[in-house]
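Worksheet: one structure, shown below.
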Amino acid sequence: MPDQAKEPGPGSGHGPKREPARTPARTPGTAHHPAPREDFVGRARELRELRADIERAGLHTLSGRPSPHSRVLLIAGRPGSGRTALAEEFVRRNADRWPGGVLRARLTDPGGVPVPPERTARDLLAALGAAPAPAGADEDELYEALREALGKRRVLLLLDDVASPEQLLDLLPDTRDCLVVAVGAGPLTGVPDVRPCTVGGLDRTAAVQLLARRSGSAPRITVDPRSAEALAESCGDLPAALALAGGWLASRTKLSVADAARRLAGAPQSDPLERAFRLVYDSLPQTAARMLRLLTLAPAGFVDTHTASALAGCSVGVARSTLDEFVKLGLLHPVRANDDRQDDPHGEREDRAPAVETAAGPHYALPPCLDPPLRALLAQQERQGEVLLARARMLERTVRQLQACHAVTRPEGSAAREQFEGMPRALRFASAAEAGEWLEVRRPALLAAARLAVDEGGGELDTLARRLISALARAFDAHRTPEAAAPELYRLHELVLGVAERGGLHREHAAALLNLGDLDAHTGRLTQAVTRYRAALDASRADGRDGPATGRALESIGGTYAELGDWARAADWYGRALALRLTNGEREAAARLHGRIGAVHTFGGRFGDALREWRAAAAAFRRLRDPQAHARALSEVARVQEYAGRPQESLRICRLALNAAKRAKDGRLEGALRLRLADACERVGETAEAREHRAEAERLLGGPGGEGAGTEGGDPATRSRNTEGACETHSQSKKD
Numbered sequence: 074m075p076d077q078a079k080e081p082g083p084g085s086g087h088g089p090k091r092e093p094a095r096t097p098a099r100t101p102g103t104a105h106h107p108a109p110r111e112d113f114v115g116r117a118r119e120l121r122e123l124r125a126d127i128e129r130a131g132l133h134t135l136s137g138r139p140s141p142h143s144r145v146l147l148i149a150g151r152p153g154s155g156r157t158a159l160a161e162e163f164v165r166r167n168a169d170r171w172p173g174g175v176l177r178a179r180l181t182d183p184g185g186v187p188v189p190p191e192r193t194a195r196d197l198l199a200a201l202g203a204a205p206a207p208a209g210a211d212e213d214e215l216y217e218a219l220r221e222a223l224g225k226r227r228v229l230l231l232l233d234d235v236a237s238p239e240q241l242l243d244l245l246p247d248t249r250d251c252l253v254v255a256v257g258a259g260p261l262t263g264v265p266d267v268r269p270c271t272v273g274g275l276d277r278t279a280a281v282q283l284l285a286r287r288s289g290s291a292p293r294i295t296v297d298p299r300s301a302e303a304l305a306e307s308c309g310d311l312p313a314a315l316a317l318a319g320g321w322l323a324s325r326t327k328l329s330v331a332d333a334a335r336r337l338a339g340a341p342q343s344d345p346l347e348r349a350f351r352l353v354y355d356s357l358p359q360t361a362a363r364m365l366r367l368l369t370l371a372p373a374g375f376v377d378t379h380t381a382s383a384l385a386g387c388s389v390g391v392a393r394s395t396l397d398e399f400v401k402l403g404l405l406h407p408v409r410a411n412d413d414r415q416d417d418p419h420g421e422r423e424d425r426a427p428a429v430e431t432a433a434g435p436h437y438a439l440p441p442c443l444d445p446p447l448r449a450l451l452a453q454q455e456r457q458g459e460v461l462l463a464r465a466r467m468l469e470r471t472v473r474q475l476q477a478c479h480a481v482t483r484p485e486g487s488a489a490r491e492q493f494e495g496m497p498r499a500l501r502f503a504s505a506a507e508a509g510e511w512l513e514v515r516r517p518a519l520l521a522a523a524r525l526a527v528d529e530g531g532g533e534l535d536t537l538a539r540r541l542i543s544a545l546a547r548a549f550d551a552h553r554t555p556e557a558a559a560p561e562l563y564r565l566h567e568l569v570l571g572v573a574e575r576g577g578l579h580r581e582h583a584a585a586l587l588n589l590g591d592l593d594a595h596t597g598r599l600t601q602a603v604t605r606y607r608a609a610l611d612a613s614r615a616d617g618r619d620g621p622a623t624g625r626a627l628e629s630i631g632g633t634y635a636e637l638g639d640w641a642r643a644a645d646w647y648g649r650a651l652a653l654r655l656t657n658g659e660r661e662a663a664a665r666l667h668g669r670i671g672a673v674h675t676f677g678g679r680f681g682d683a684l685r686e687w688r689a690a691a692a693a694f695r696r697l698r699d700p701q702a703h704a705r706a707l708s709e710v711a712r713v714q715e716y717a718g719r720p721q722e723s724l725r726i727c728r729l730a731l732n733a734a735k736r737a738k739d740g741r742l743e744g745a746l747r748l749r750l751a752d753a754c755e756r757v758g759e760t761a762e763a764r765e766h767r768a769e770a771e772r773l774l775g776g777p778g779g780e781g782a783g784t785e786g787g788d789p790a791t792r793s794r795n796t797e798g799a800c801e802t803h804s805q806s807k808k809d
């Protein structure tokens, strides 16, 4: 009896998945062979050869020049030949040899579009548990980080749908301790130490066995073995074609195997997979066939009931029942809820477990081998306007789901929460945790939807694209940490740039550039951040007016130059921002900018200019009736007086600052100022007053010196960086 086993296929094309290596107990020196699984048939010879290839020395090793890269096992074959199922079964049987676990990634999206290298590298790093690469990092940085992470453990890397050797070379670990199993259509020329295994149809016995299982009617197969063999032959013994024929036969209980064999043999198509597909497709009702064609528009091939409902323009209930029927026929396969691995009855992934209803909802994927014929049918039978309308419906539904995902995290009674309560029940989430799970499961598809809205609408979906990107950014902010969300937000802001440039939307263009500049500055790419901010300044002034983005751009440029230590330029740009704020009558912003200019003059050692600006800041905050900010600005005046060698004047101003802090009733600020006043008193010989202030500071701050408090020392620039209040940090300035 042919060897049988099944491991569910790799991820749904939605990023790498990690599976811990299995380490079952076994007797040393004996081979370990996991028990076979029912839904995998045949391929015993290929599995033996693949295992032998792990041990076999390569040509480079025999020549005395072993490759520094990991060995690559290539499983090559046409889509639908069961190449991924074979790879998964091999991984299942041998994963215990790689204690670092199994990593999976699919390198080609539906439609034959290569997955962006940045996305694959980031997802693999996340699966490894490595520190995330900074937002905006280039491909070389990401590949280097990935190779470093892979070099620290023994992992088995399964890469599905490899479209080119370059894709594989970029991800190849620089260690012989790892193994790469690649799945693709053909040779990988230029990749060192590749061991190819080419797969075609199953042997006839295994083909008939698979047909019997997929048809759900073994007696019909066993009573007419010759017709079963003829049917398998018409399917080219391809697992995908056999699964389709079996699903079609299962839906027609009164039809004999001989009738099915004659029907398939008489089909006009020459390709066995296309022949089996058209047999099933032509049997569908018109509405179901149209839904199936439209499912090729699903972002990243990710299908759920809401996506199908919106695309076809039908109710969620009708969409759910139709999707269930597609699964029975083998036209669709469910994605497992726990680990996002798929179950593909087309020989790519052959498990038949139903999709599980979870907080994220059931979801499915079209088999990759059916994507080309369905796209061809879509182009033939759907007008361009209808396709665009279907896309718009789907994106609008996605926007509403994202709005619900964000709103469920808002407090009771807020406007967002009230809007959430008014949404249809099918769109609402029971809890923030459920919404977070939904967002994480669908994250790759949501990002793909944003790219689709920007790239494939020809500009007609730009308004929807902007709404979708905005809703997605809000959802990420609500459910992910800033560090975790930064890479996705970087991609989204870059997409907004494309929409804004195409539509001449200067405000949106400037906002996207400012956000990208913030992310660049946060990750230390300060020169690039300045370039972004200058471009944002130009965009904000493109319509001849100085809007809110202009002021923010000017301040951001000044802040970035401050981080670069270019104090003169920082003061110049802050000065331009100050002039704009004063012109617009923005008194609070102007007061804050006086403080920032004072700070950079302090860093640059220009104490006279620093005093003038800090005094202006203190006066402005006093007029604004902000005693806390007034006290902090006065404390900076005292600090600069100290740097300028005027201890008595510093002491006098410090006392004024303390009085302002008392009026503000801010205990921590008062404690910090008392410590500074104690230092000032000691410098002029007022030791008794210094002891009094220090003792009171300890009481206010809860201990000797308080948390984070103490005597400041060092050069003026270093000490001034501890400024509180009026001189916020550069990162804070960008939040204003």
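Sequential numbering of the sequence shown, starting at 74, is according to my numbering. Note that beta-carbon positions come from the ideal geometry of N, C-alpha and C, so glycine has one too. Bear in mind that the values here come from a model prediction, so they are computed numbers and not experimental data.
Asked, Found
"For V472, report the span of its alpha helix (DSSP H) as first-last.", "457 to 480"
"Give me, in chain order, the residues of the same chain whose beta-carbon lies closer than 7 Å to that of A585; leave out the 5 immediate sequence neighbours on both sides.", "H566, V569, L570, A573"
"Please report the residue range of the beta strand (DSSP E) in which C270 lies.", "267 to 271"
"Report buried or exposed for E513, applying the criterion of at least 16 other Cβ atoms within 10 angstroms of its Cβ.", "exposed"
"Which partner residues of A438 appear in the DSSP bridge assignment?", "F375, H406"
"On a CA-only basis, which of G486, Q453, L447, A522 is nearest T471? Give me that one, please.", "A522"
"Do A664 and A693 have their beta-carbon atoms positioned less than 8 Å apart in this structure?", "yes"
"Assign R688 to one of three DSSP states: helix, strand, or coil.", "helix"
"Secondary structure at G495, three-state DSSP: helix, strand or coil?", "coil"
"Determine the direct distance from the alpha carbon of R501 to that of R293, and round the result to whole angstroms.", "47 Å"
"Name the DSSP bridge partner or partners of D182?", "V186"
"Quick one: any contact between the segment 274 to 293 and the segment 305 to 323, if contact means 3 or more CB pairs under 8 Å?", "yes"
"In the DSSP assignment, the beta strand (DSSP E) including A255 goes from what residue to what residue?", "252 to 257"
"Pull up the CB-CB distance for A711 and G677, whole angstroms please, since I reckon it's below 8 Å.", "So it is not a contact: roughly 19 Å between Cβ atoms."
"When you compare only the Cα positions, how much space is there between S629 and W646?", "9 Å"
"Looking at C-alpha atoms only, which residue of L578, T633, P621 is the closest neighbour of R605?", "T633"
"Among the candidates D310, P372, L384, whose CA atom is the shortest distance from the CA of A349?", "D310"
"Alpha carbon to alpha carbon, what distance is there between A691 and A702?", "8 Å"
"Roughly how many angstroms separate the alpha carbons of S288 and A160, rounded to a whole number?", "24 Å"
"Run through the DSSP bridge pairs and tell me what L229 is partnered with.", "V175, L252"
"Going by DSSP, what residue range makes up the alpha helix (DSSP H) through R524?", "505 to 528"
"Indicate the three-state DSSP secondary structure (helix, strand or coil) for L578 in the structure shown.", "coil"
"Could you tell me the distance, in whole angstroms, from the CA atom of E715 to the CA atom of E722?", "8 Å"
"Along the chain, where does the beta strand (DSSP E) containing A149 start, and where does it finish?", "144 to 149"
"Quick one: which unbroken beta strand (DSSP E) runs of 3-plus residues sit fully inside the segment 590 to 677? Chain order, please.", "none"
"Closest by CA to T157, which one among L337, C270, E561, A505?", "C270"
"With a CB to CB cut of under 7 Å and the five nearest residues on each side skipped, what residues in its chain are close to L653?", "D619, T623, G624, L627"
"Sort V264, P260, A258 by Cα distance to L244 and report the nearest one.", "V264"
"Would you say the segment 362 to 372 touches the segment 435 to 454, given that touching needs at least three Cβ pairs under 8 Å?", "yes"
"Below 8 Å on the Cβ atoms is my contact criterion, and I expect G150 with V272 to pass it. Report the Cβ-Cβ distance as a whole number of Å.", "4 Å"
"Spatial neighbours of D814 within its chain, please: C-beta separation below 8 Å, excluding the five flanking residues on both sides.", "What is shown of the chain runs 74 to 809, which leaves residue 814 out entirely."
"Measure the alpha-carbon distance for A432 versus A194 and round it to whole angstroms.", "Caution applies to A432, whose pLDDT of 42 falls short of 50 and renders its modelled position unreliable; the value that the coordinates give is listed next. The straight-line gap from Cα to Cα measures roughly 28 Å."
"Buried or exposed: P497, going by 16 or more other Cβ atoms within 10 Å of its Cβ?", "exposed"
"Within 10 angstroms of its Cβ, does R129 collect 16 or more other Cβ (buried), or is it exposed?", "exposed"
"Quick test of your reading: L587 and A609, contact by CB under 8 Å. State the CB separation rounded to the nearest angstrom.", "5 Å"
"For the alpha helix (DSSP H) that L750 lies in, which residues bound it at each end?", "740 to 756"
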